[in-house]
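Enquirer: So the sequences go chain by chain: A and B.
2 is the number of the first residue of the first sequence in the numbering used here; add one for each residue after it.
5 is the number of the first residue of the second sequence in the numbering used here; add one for each residue after it.
Just dropping this structure here.
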Amino acid sequence: MARSMTLKTRQAITAYLLLIPAIFYFLIYFFYPIALEFWASLFRGQPLIGESSFAGLSNYVEAIGDRRVRQSLVVTLIYAFGATGATVVTGLGLAALLNGPIRGSTFFRAVIFFPYIISYVIIALMWKSILDPYTGILNGALVALGLPPQNWLGDVDTALPTLMGITVWKDAGYAMLIYLAALQSIPTTFYEAASIDGATPMQQFRYLTLPLLMPTTLFVVVISMITHLQELAPAYLITNGGPADATQLFGFFVFKKAFFELNIGYASALSFMMFLLILAITAVQFKLGSREIKY
Amino acid sequence: MSRLTPILSYLLLGLCTLLCVVPFAYMLSLSLQSDAELMSGLPVLIPEKLQFSNYVAIWERAPFGRFILNSLIIAGGITLLHLIFDPLVGYVFAKLEFPGKKILFGAVLSTLMIPFFIRLIPLYIITAEFGWLNTYPGLIMPFAMSAYGIFLMRQFIAPIPSELLDAARIDGCSEMRIYWQIVLPQVRPALATLALLTFVFQWNEFLWPLVVVSTTEMRPITTGLTLFTQETFTQWNLTSAGGVLLFLPSLALFLFTQRYLVRSVMLAGMK
């Protein structure tokens, strides 16, 4: 007994010793920054790096009344919900196609996944050249077909959908892989039983596959929403937020306020608000998702 | 009907494959076009004469060798730190008993929900406090570990039978030796997964270097290329050549590891 006690104590001591670097790391690079961000949001000007004055919650009040903040928020929500929805549907569709007896499925999987691991810097460059209103191949193809050319990224009506399209192009392969893994873990006996009961392939998909995939869908939706709500690279690299703020993703808006305008206090308040919004949206998804899963 | 479905599947998959390949092929094509072909106003798919001189021209305008070296140091350094710390912390959470374990593990996992741009301003300030602006430690340290990697490693270490570890303990084996000689060799495939995913994603990191780096020589290839594309804005042939340079290492890594990488993502997503 005494021996096992010392073993336990010794194990606890070892555990804490081994965790020291991790504890420091997460405190310094995660928890302290959040506290610092909140503290900075209570000041006007350049808290932490320059001149500032205590302002209480006035940054938050100002943000709520700021028309550009509201517009950016709407743009970001449309972008995040749209891109997430399209990514999930495309990913599931591709996975369903590849789950059948398809020759060369390894090849298709690899090629379709590939855009996901490419830097947004390259993706921006590629798509900007393809969509260029004067020299791009897309408009070239449209003209060749006798259709009017479009200013894809320069038109207020088409810029945001185009940006969403590029994001889905990049991310669909990731969702596809996750769905494929989930599909392959469903026992084939389930489908055999359903066939014996006379269920058509469509019914099997609707009443068997989809419910069994609910946990996977929840995972893909949550990851995708968190990613897209905080994304700023496409706006920064492809459209610079324009035209007329039509693609002003919130992350990019905050980034400009902080690093271009050096309005640190205001930017901190905005990003803290975004943090709370992302937490709330994630919590709602888990709530809805777990209810679905129980059913 | 049933004979049509496979044809339709191949048609759809073929279309998606084209959609994924064409942009890259077009970038390659652009990078080899002459100025005249670009200005012709007609989209060119296959350049008449391959202008390899574009690739020479961009090396004269920007230190791409240095950019690539920086990317290797940064992504490599981060990957190394992940390989040291993530499995170690994962082991502690998977196999050791101590008070406060649940709370600490929960705290680590909760960091997954913290978006990066919310930490951006404070991270800049902390890095400045350390005197690490525009240095390799400043570029590497904020990504030294990840809750994702720790969680992944814990999932792989947990199934190792505890009896095995207990037997070693009774024989007087220290915790570090158990970790080093019993646990680590068993999770080698997971370590490879972790290394690949970490390297690929850090190679692409663009926002943090944009904020921390202030001189051209310290830029990794992502922000190096951004600088370059801003300067040669309308010359699609030159910027595309730069894009191909940044893209080739990713492609090579992908081709050599694609089977493995694709499987890792499927596995990592499942856990």
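C-beta atoms are modelled at their ideal positions from N, C-alpha and C, and glycine is treated no differently.
Owing to the predicted nature of the structure, the values given are computational and were not obtained by experimental measurement.
Who are Ser53/A's beta bridge partners in DSSP?
Expert: The partner list for Ser53/A (beta bridge, DSSP) reads Gly46/A.
Enquirer: On the CB-based measure, 16 or more other CB atoms within 10 Å of its CB, does Trp128/A come out buried or exposed?
Expert: The residue is buried, with at least 16 neighbouring Cβ atoms inside 10 Å.
Enquirer: Using a Cβ-Cβ cutoff of 9 Å, what residues of the region 259-286 of chain A are near chain B? List them in chain order.
Expert: Against chain B - using a Cβ distance shorter than 9 Å - the residues of the region 259-286 of chain A are Ala259, Phe260, Ile265, Ala268, Ser269, Ser272, Phe273, Met275, Phe276, Ile279, Leu280, Thr283.
Enquirer: How many angstroms separate the CA atom of Met270/B from the CA atom of Phe258/B?
Expert: If you take the alpha carbons of Met270/B and Phe258/B, they lie about 15 Å apart.
Enquirer: Please list the segments of the alpha helix (DSSP H) lying wholly inside the region 165-205 of chain A, counting only runs of 4 or more residues, in order along the chain.
Expert: Taking only runs of at least 4 residues, the alpha helix (DSSP H) segments lying wholly in the region 165-205 of chain A are 189-197, 202-205.
Enquirer: Under the rule that 16 or more other beta-carbon atoms within 10 Å means buried, what is Phe260/B, buried or exposed?
Expert: Exposed is the call here.
Enquirer: Between the beta-carbon of Val122/A and the beta-carbon of Thr248/A, is there less than 8 Å?
Expert: Result no, Cβ atoms of Val122/A and Thr248/A do not sit closer than 8 Å.
Enquirer: Exposed or buried, what is Lys9/A when buried is set at 16 or more other beta-carbons lying within 10 Å of its beta-carbon?
Expert: Burial call: exposed.
Enquirer: Alpha carbon to alpha carbon, what distance is there between Ala151/B and Ala3/A?
Expert: The predicted position of Ala3/A is uncertain, since its pLDDT is 48 and thus under 50; a value taken from the coordinates is nonetheless stated next. Distance between the alpha carbons of Ala3/A and Ala151/B is about 36 Å.
Enquirer: Just checking my contact of Leu211/A with Ala96/A at CB under 8 Å: how many whole Å lie between their CB atoms?
Expert: So it is not a contact: roughly 12 Å between Cβ atoms.
Enquirer: Within 8 Å (strictly less), CB to CB, does Val215/B reach chain A?
Expert: Yes, Val215/B counts as interfacial toward chain A.
Enquirer: Let's test the definition: count the other Cβ atoms within 10 Å of the Cβ of Ala29/B and tell me whether it reaches 16, buried, or not, exposed.
Expert: Result: exposed.
Enquirer: In the DSSP assignment, find the unbroken alpha helix (DSSP H) run with Ile82/B in it and report its ends.
Expert: Looking at the DSSP string, the run of the alpha helix (DSSP H) that includes Ile82/B is 68-99.
Enquirer: For Tyr192/A and Leu209/A, what's the separation of their Cα atoms in angstroms?
Expert: Rounded to the nearest angstrom, the two C-alpha atoms are 8 Å apart.
Enquirer: With a cut-off of 8 Å, does the C-beta of Trp153/A fall near any C-beta of chain B?
Expert: No, no contact with chain B.
Enquirer: Give the DSSP-derived three-state secondary structure of Lys53/B in the structure shown.
Expert: Note: Lys53/B maps to coil in three-state DSSP.
Enquirer: Report the option in Glu64/B, Ile77/B, Ala199/B, Val26/B whose CA atom is closest to the CA atom of Arg88/B.
Expert: The displayed chain sequence assigns Ile, not Arg, to residue 88/B. Here the closest residue by C-alpha is Ala199/B.
Enquirer: Given Ile119/A, which residues of its chain have a CB within under 8 Å of its CB, disregarding the five upstream and five downstream residues?
Expert: Taken in chain order, the residues that qualify are Lys171.
Enquirer: Less than 8 Å between the beta carbons of Val216/B and Thr131/B, yes or no?
Expert: It is a contact, given that the beta carbons lie within the stated cut-off.
Enquirer: Classify Gly185/A: buried if its beta carbon has 16 or more other beta carbons within 10 angstroms, exposed otherwise.
Expert: A small fix is needed here, since residue 185/A is Gln in this sequence, not Gly. Exposed.
Enquirer: Measuring only between beta-carbons, confirm whether Thr7/A sits less than 8 Å from chain B.
Expert: For Thr7/A, the answer is no, since every Cβ of chain B falls outside 8 Å of its Cβ.
Enquirer: Does the beta-carbon of Lys295/A have 16 or more other beta-carbons within 10 angstroms, so that it is buried, or is it exposed?
Expert: Low local confidence applies: a pLDDT of 48 at Lys295/A is under 50, so the model's placement there is unreliable, and no value is given.
Enquirer: Any beta carbon of chain B sitting closer than 8 Å to that of Thr163/A?
Expert: No, Thr163/A lies away from the interface with chain B (no Cβ there is under 8 Å from its Cβ).
Enquirer: On the three-state DSSP scale, how would you describe Val223/A?
Expert: Val223/A falls in the helix class under three-state DSSP.
Enquirer: So, at 6 Å on beta carbons, what are the nonlocal neighbours of Gly81/B in its own chain, with the 5 sequence-adjacent residues on each side left out?
Expert: Excluding residues within five positions, the ones whose Cβ falls inside 6 Å are Ile144.
Enquirer: Please list, in chain order, all residues of the same chain as Pro150/A whose beta carbon is under 8 Å from its beta carbon, the five residues on each side excluded.
Expert: Only Pro134, Asn140, Leu143, Val144 meet the Cβ criterion.
Enquirer: Mind listing the chain A neighbours of Tyr30/B? Cutoff is C-beta to C-beta under 8 Å, in chain order.
Expert: The answer, in chain order, is Met127, Ser130, Ile131, Ile138.
Enquirer: Strictly under 8 Å for the Cβ-Cβ distance: is Leu72/B near chain A by that measure?
Expert: Inspection of the sequence shows that residue 72/B is occupied by Ile rather than by Leu. It does not; no Cβ of chain A falls within 8 Å.
Enquirer: Please list, in chain order, the chain A residues whose beta carbon lies closer than 7 Å to that of Val96/B.
Expert: Neighbours of Val96/B on chain A, chain order: Ala16, Leu19, Leu20.
Enquirer: List the residues of chain A that Thr230/B touches, going by C-beta distances under 8 Å, in chain order.
Expert: Result: Val122, Leu238.
Enquirer: Could you tell me which chain B residues have their CB closer than 7 Å to the CB of Val255/A, listed as they occur along the chain?
Expert: Going along chain B in sequence order, the residues near Val255/A (Cβ under 7 Å) are Phe121.
Enquirer: Below 8 Å on the Cβ atoms is my contact criterion, and I expect Ser13/B with Leu277/A to pass it. Report the Cβ-Cβ distance as a whole number of Å.
Expert: Not a contact, Cβ separation roughly 44 Å.
Enquirer: Just checking my contact of Leu188/B with Pro91/B at CB under 8 Å: how many whole Å lie between their CB atoms?
Expert: That pair is a contact at about 7 Å.
Enquirer: Helix or strand or just coil, what does DSSP make of Met127/A?
Expert: The answer is helix: DSSP assigns Met127/A an H, G or I state.
Enquirer: Report yes or no: do the region 230-250 of chain B and the region 170-182 of chain B share at least 3 C-beta pairs separated by less than 8 Å?
Expert: Touching, no.
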